[in-house]
Every structure is written in C-alpha cells, then in structure tokens.
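Below is one structure, written out as structure tokens; the observations come after it.
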Amino acid sequence: MRAKIPSEDVAVKLNEWYKLIRAFEADQAEALKREIEYDLEDMEENQDLLLYFSLMEFRHRIMLDKLMPVKDSDTKPPFSDMLNEIESNQQKLTGLLEYYFYYFRGMYEFKQKNFILAIDHYKHAEEKLEYVEDEIEKAEFLFKVAEVYYHIKQTYFSMNYASQALDIYTKYELYGRRRVQCEFIIAGNLADVYHYEKALTHLCSALDHARQLEEAYMIAAAHYNVGHCKYSLGDYKEAEDYFKTAAAIFEEHNFQQAVQAFFSLTHIYCKEGKYDKAAETYGLGIKSATEWDDDMYLTKFRLIHELYLGSGDRNVLTECFDLLESRQLLADAEDLLHDTAERFNQQERYESAAFFYRRLMDIKKKLTDQRFQ
Numbered sequence: 001m002r003a004k005i006p007s008e009d010v011a012v013k014l015n016e017w018y019k020l021i022r023a024f025e026a027d028q029a030e031a032l033k034r035e036i037e038y039d040l041e042d043m044e045e046n047q048d049l050l051l052y053f054s055l056m057e058f059r060h061r062i063m064l065d066k067l068m069p070v071k072d073s074d075t076k077p078p079f080s081d082m083l084n085e086i087e088s089n090q091q092k093l094t095g096l097l098e099y100y101f102y103y104f105r106g107m108y109e110f111k112q113k114n115f116i117l118a119i120d121h122y123k124h125a126e127e128k129l130e131y132v133e134d135e136i137e138k139a140e141f142l143f144k145v146a147e148v149y150y151h152i153k154q155t156y157f158s159m160n161y162a163s164q165a166l167d168i169y170t171k172y173e174l175y176g177r178r179r180v181q182c183e184f185i186i187a188g189n190l191a192d193v194y195h196y197e198k199a200l201t202h203l204c205s206a207l208d209h210a211r212q213l214e215e216a217y218m219i220a221a222a223h224y225n226v227g228h229c230k231y232s233l234g235d236y237k238e239a240e241d242y243f244k245t246a247a248a249i250f251e252e253h254n255f256q257q258a259v260q261a262f263f264s265l266t267h268i269y270c271k272e273g274k275y276d277k278a279a280e281t282y283g284l285g286i287k288s289a290t291e292w293d294d295d296m297y298l299t300k301f302r303l304i305h306e307l308y309l310g311s312g313d314r315n316v317l318t319e320c321f322d323l324l325e326s327r328q329l330l331a332d333a334e335d336l337l338h339d340t341a342e343r344f345n346q347q348e349r350y351e352s353a354a355f356f357y358r359r360l361m362d363i364k365k366k367l368t369d370q371r372f373q
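Taking the UniProt record's numbering, the leading residue of the sequence shown gets 1, the next gets one more, and so forth.
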C-alpha cells in the first residue's frame with residue numbers, strides 16, 4: 001500500500017502543470033496530468049486541491065482544443081459535463097480558485113464566440129486579480145481581456161489591456177508567441193480606427209517574429225492579418241496572396257482558422273469580380289465550416305454567396321444579418337452591410353441600397369454605444 005502523498009507535493013505539480021498549459025507544451029502537460037491523476041489516488045484529503053485540479057483539467061482541455069480543435073461531442077468528457085461539475089462546487093471556491101473559475105469560464109465563452117458573456121466572467125475574475133502574484137499570469141489575463149474587447153470593437157479598452165500585457169511579455173524571452181499575438185491585437189485595433197499604415201508596421205514586425213518562432217500556426221496567422229490590412233488599404237492583389245498563403249498553411253495543419261482564411265479569400269475574389277475563383281474557394285470554405293460546425297461562418301458564406309454569386313435576395317440577406325446581430329457579431333455585420341449597400345448601389349437597386357445603408361447606420365450606432373459602456 002502506498003503511503004499518503006502530501007497535498008503540498010501535489011500542489012507543486014499542479015502549478016508546474018499550469019505553466020506547461022500556458023506555454024502550450026501539450027505533450028509535457030499531458031504527461032504531467034497523468035502523473036498528477038495517479039498521485040491524487042493516494043493524496044491526503046484536500047478538497048481545495050481537488051477543486052484546483054478540476055479547474056486545471058478544464059483549462060487543459062481549452063489548451064488542447066486551441067491547438068487541435070475537436071467537436072464538443074468528440075471530447076471525453078464533453079466541455080458541458082466538465083462545466084457542470086465545476087459549477088456544482090462554485091460556492092466552495094474562494095480567492096485564487098474563484099479567480100480561476102471566472103477566468104477559465106470567460107475563456108470558454110470566448111471559444112464559443114459568446115463575447116458579452118466572456119467579458120462578464122472576465123470582469124468577475126478581474127475583481128479577484130489581487131490574489132494573483134505571478135506576473136506572467138497577470139499578463140495572460142490582460143491578453144485575454146484585450147482579445148475579447150477587440151472582437152466587439154471596444155478599441156480603447158482592448159488597446160489598453162494589450163499594451164499592459166505586452167509590457168510584461170517583453171521582459172521574458174520565452175513568451176515570443178504572446179508578444180506576436182499582442183502585436184496582432186494592437187494592429188487590429190489601429191486598423192479599426194483607420195490607422196492602417198501604423199497597423200501594417202506592427203503586423204510586418206509580427207510576421208518576422210513569427211517566422212523566427214518557426215510555428216506554423218503563428219506564421220499562418222501573421223500572413224492572414226497582413227492580408228487583412230492590405231485588403232483595408234485597397235491592395236487586393238497583395239491581400240489575395242497573403243490570404244492564399246494563410247489558407248494553405250491552416251489547411252495543411254488542420255487548423256480551424258482555415259475557415260476564416262477561405263472566407264476572406266472568397267470575399268476578395270468577389271470584390272475583384274473573379275467569380276469562378278470565388279465559387280471554388282466558397283466550396284472549400286463551406287466544406288471546412290461544415291466540418292468544424294462553424295455556424296457563424298456558414299452564415300457569412302451564405303451571405304456573400306447570395307450577394308455576389310446569387311440573385312441578391314433581400315430577404316435572404318436580411319436573415320443572415322439578423323443571425324449575425326443576434327450573436328452580437330456587430331463588427332462582422334458592419335463590414336458586410338457596407339459591402340451589401342455598395343453592391344446594390346452599383347446595381348442601381350437604390351431601394352435595397354437605402355435599406356441596407358439604414359441598417360448599417362443602426363449597427364454603427366450600436367457599436368459606438370458599446371464602446372462607451
């Protein structure tokens with residue numbers, strides 16, 4: 001019979017496990033997780049440590065899903081079961097454990113694209129940030145908050161959190177990946193306020209650093225983001241090349257972001273009038289979005305197909321915009337509403353153009369109100 005293992009020894013391993021998770025060291029994290037599970041069988045009783053393990057197991061699953069996403073139905077146990085187990089013990093969580101609960105729950109809601117819910121959980125976590133002593137952990141939190149604010153175009157909040165995170169990451173050599181990601185967010189926010197040249201400077205720097213990291217995902221993401229900035233500058237040909245490179249790398253490594261890259265490539269082909277190429281990448285994008293069960297991008301693909309490759313049925317387009325708005329994807333709706341109104345104006349379908357211009361103004365107002373909440 002094994003002697004009881006002191007809970008303090010297991011706590012040390014749990015902290016090491018979390019460091020590996022944060023660094024996306026999946027193989028090492030998996031190995032240490034198995035070791036900890038073995039130790040827990042003979043650990044002296046400590047309910048707080050068991051709760052800590054449950055939270056870290058949930059965070060571990062989020063890490064794995066980020067590196068190699070799978071459908072929730074394919075996970076063992078599913079995310080929903082893990083959440084139910086943790087929430088059933090929520091009243092027992094205090095201090096640092098409560099911080100982790102809200103922080104990880106915010107990460108999960110962000111993964112589900114429930115951005116407003118994610119922010120709500122992050123706000124609760126921020127109230128408990130005083131319990132976090134590790135500087136890198138604080139930087140991780142700041143980065144995640146910057147990320148979600150960027151997605152709903154709360155530009156100045158996002159810039160503030162991203163800049164704070166970057167200041168910390170630059171002190172640590174091992175966090176090159178996060179420095180690149182902070183550059184992405186800062187550049188994205190600059191682009192949102194139309195400072196495209198400044199954004200491009202950050203993105204070219206990020207691409208150089210991504211190549212030094214030799215990580216396929218980061219290289220593809222950097223190409224995609226440079227392409228998006230080139231698109232905003234009206235340089236469609238260069239944007240097309242960057243999107244193609246990004247799509248090829250994402251697809252080769254089976255990253256879900258291939259869906260996004262195929263969408264941007266399809267969209268730019270449509271804008272250039274290259275409808276045969278658009279139809280080809282539309283097919284690839286629909287296939288990929290269906291495989292990943294990505295309802296948001298299925299809606300966006302349906303929208304641009306109807307607008308550029310279909311008859312431009314106003315009811316179909318309205319239904320698509322209703323779906324985007326219901327998910328609080330106002331920034332996505334704003335960009336596509338502008339294109340829709342312009343397309344109808346070019347076709348001299350002025351009544352429909354006016355209809356979508358009015359809706360565009362409504363979305364812009366909602367985004368403005370959101371920024372000042």
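Don't be surprised by glycine CBs; every beta carbon is placed ideally from N, CA and C.
### Task
Could you check the C-alpha separation between A191 and S264 for me, to the nearest Å?
The residue you call residue 191 lines up with position 191 of the sequence shown. The residue you call residue 264 lines up with position 264 of the sequence shown. Rounded to the nearest angstrom, the two C-alpha atoms are 16 Å apart.
### Task
Just confirm the distance between the C-beta atoms of M56 and S7, as a whole number of angstroms; I'd bet it's less than 8 Å.
What you label residue 56 is simply residue 56 of the sequence shown in a count that begins at 1. What you label residue 7 is simply residue 7 of the sequence shown in a count that begins at 1. M56 to S7, Cβ: 14 Å. No contact.
### Query
Applying the criterion that 16 or more other CB atoms from any shown protein chain within 10 Å of the CB defines a buried residue, is T281 buried or exposed?
Taking the first residue of the sequence shown as 1, we reach residue 281 at position 281. Buried is the call here.
#### Entry: Under the three-state DSSP convention, the category I185 falls into
Residue 185 sits at position 185 when you count from the first residue of the sequence shown. Helix, per DSSP.
### Query
Where C204 and W17 are concerned, what is the direct C-alpha to C-alpha distance, given to the nearest angstrom?
Sequence index remark: in the sequence shown, residue 204 carries index 204 (1-based). Sequence index remark: in the sequence shown, residue 17 carries index 17 (1-based). Distance between the alpha carbons of C204 and W17 is about 34 Å.
### Query
DSSP on I168, reduced to helix/strand/coil?
For the purposes of this step, residue 168 is taken as the residue at position 168 of the sequence shown. In this structure, I168 counts as helix in the three-state DSSP scheme.
### Query
Going by the CB atoms, is the gap between F141 and Y108 shorter than 9 Å?
Counting from 1 along the sequence shown, the entry for residue 108 is found at position 108. Counting from 1 along the sequence shown, the entry for residue 141 is found at position 141. No, the pair does not count as a contact, with Cβ atoms beyond the cut-off.
### Query
At what residue ranges does the stretch 194–277 contain a whole run of the beta strand (DSSP E), taking only runs of 3 or more?
none
### Task
Express the C-alpha separation of Q260 and residue 374 in angstroms, rounding to a whole number.
The requested residue 374 is not part of the displayed model; the chain covers only 1 to 373.
### Three or more C-beta pairs below 8 Å linking the stretch 199–215 and the stretch 178–188
yes
#### Entry: Spatial distance of L14 from T266 (CA atoms)
Taking the sequence shown and counting its residues from 1, one reaches residue 14 at position 14. Taking the sequence shown and counting its residues from 1, one reaches residue 266 at position 266. Answer to the nearest angstrom: the Cα atoms are 45 Å apart.
### Query
By how many angstroms is the C-alpha of L50 removed from the C-alpha of K71?
Here residue 71 is taken as the residue at index 71 of the sequence shown, counted from 1. Here residue 50 is taken as the residue at index 50 of the sequence shown, counted from 1. Confidence is the limiting factor: at K71 the pLDDT is only 45, short of 50, which leaves the residue's position unreliable and the question unanswerable from this model.
### Query
What span of residues does the alpha helix (DSSP H) with F321 cover, start to end?
Taking the sequence shown and counting its residues from 1, one reaches residue 321 at position 321. R314 to S326 is the extent of the alpha helix (DSSP H) around F321.
### Message
On a Cα-Cα basis, can you pick out the residue from N315, D167 and L303 that is closest to D332?
### Response
Counting from one through the sequence shown, the residue named residue 332 turns up at place 332. For D332, the nearest C-alpha among the options comes from L303.
### Query
Roughly how many angstroms separate the alpha carbons of H209 and F24, rounded to a whole number?
Residue 209 sits at position 209 when you count from the first residue of the sequence shown. Residue 24 sits at position 24 when you count from the first residue of the sequence shown. C-alpha separation (whole angstroms): 18 Å.
### Query
Which same chain residues, not among the five before or five after I286, have their C-beta less than 8 Å away from its C-beta?
Mapped onto the sequence shown, residue 286 falls at position 286. Counting only Cβ-Cβ distances below 8 Å, and skipping sequence neighbours, we find L298 and F301.
### Query
Just reading off the alpha helix (DSSP H) that G106 is part of, what are its end residues?
For the purposes of this step, residue 106 is taken as residue 106 along the sequence shown, with counting starting at 1. Looking at the DSSP string, the run of the alpha helix (DSSP H) that includes G106 is G95 to K111.
### Message
Distance check for F115 and Y196, CA to CA, integer angstroms please.
### Response
For the purposes of this step, residue 196 is taken as residue 196 along the sequence shown, with counting starting at 1. For the purposes of this step, residue 115 is taken as residue 115 along the sequence shown, with counting starting at 1. Taking the straight line joining both Cα atoms gives about 25 Å.
### Message
Let's test the definition: count the other Cβ atoms within 10 Å of the Cβ of T368 and tell me whether it reaches 16, buried, or not, exposed.
### Response
Walking along the sequence shown from the start, residue 368 turns up at place 368. Exposed: under 16 other Cβ atoms inside 10 Å.
### Task
With DSSP as the reference, please indicate the residues paired to M296 in a beta bridge.
On the sequence shown, position 296 is the one that residue 296 refers to. M296 is not bridged to any residue.
### Task
For I119, name the three-state secondary structure that DSSP assigns.
As a working note, residue 119 is residue 119 in the sequence shown. Three-state result, I119: helix.
### Query
Which same chain residues, not among the five before or five after F356, have their C-beta less than 7 Å away from its C-beta?
Here the question's residue 356 lines up with position 356 in the sequence shown. Answer for F356: L337, T340, A341 and F344, listed in chain order.
### Query
What do you get for K153, buried or exposed, if any count of 16 or more other CB atoms within 10 angstroms of its CB means buried?
Position 153 of the sequence shown, counting from 1, holds the residue named residue 153. Under this definition K153 is a buried residue.
### Touch test, the stretch 303–318 against the stretch 116–133, Cβ-Cβ under 8 Å, three pairs minimum
no
### Query
Rounded to a whole number of angstroms, what is the C-alpha to C-alpha distance between D362 and E334?
Along the sequence shown, one-based indexing puts residue 362 at 362. Along the sequence shown, one-based indexing puts residue 334 at 334. Taking the straight line joining both Cα atoms gives about 9 Å.
### Message
If the criterion is Cβ atoms closer than 9 Å, does the pair R314 and S352 meet it?
### Response
Walking along the sequence shown from the start, residue 314 turns up at place 314. Walking along the sequence shown from the start, residue 352 turns up at place 352. Yes. Within cutoff.
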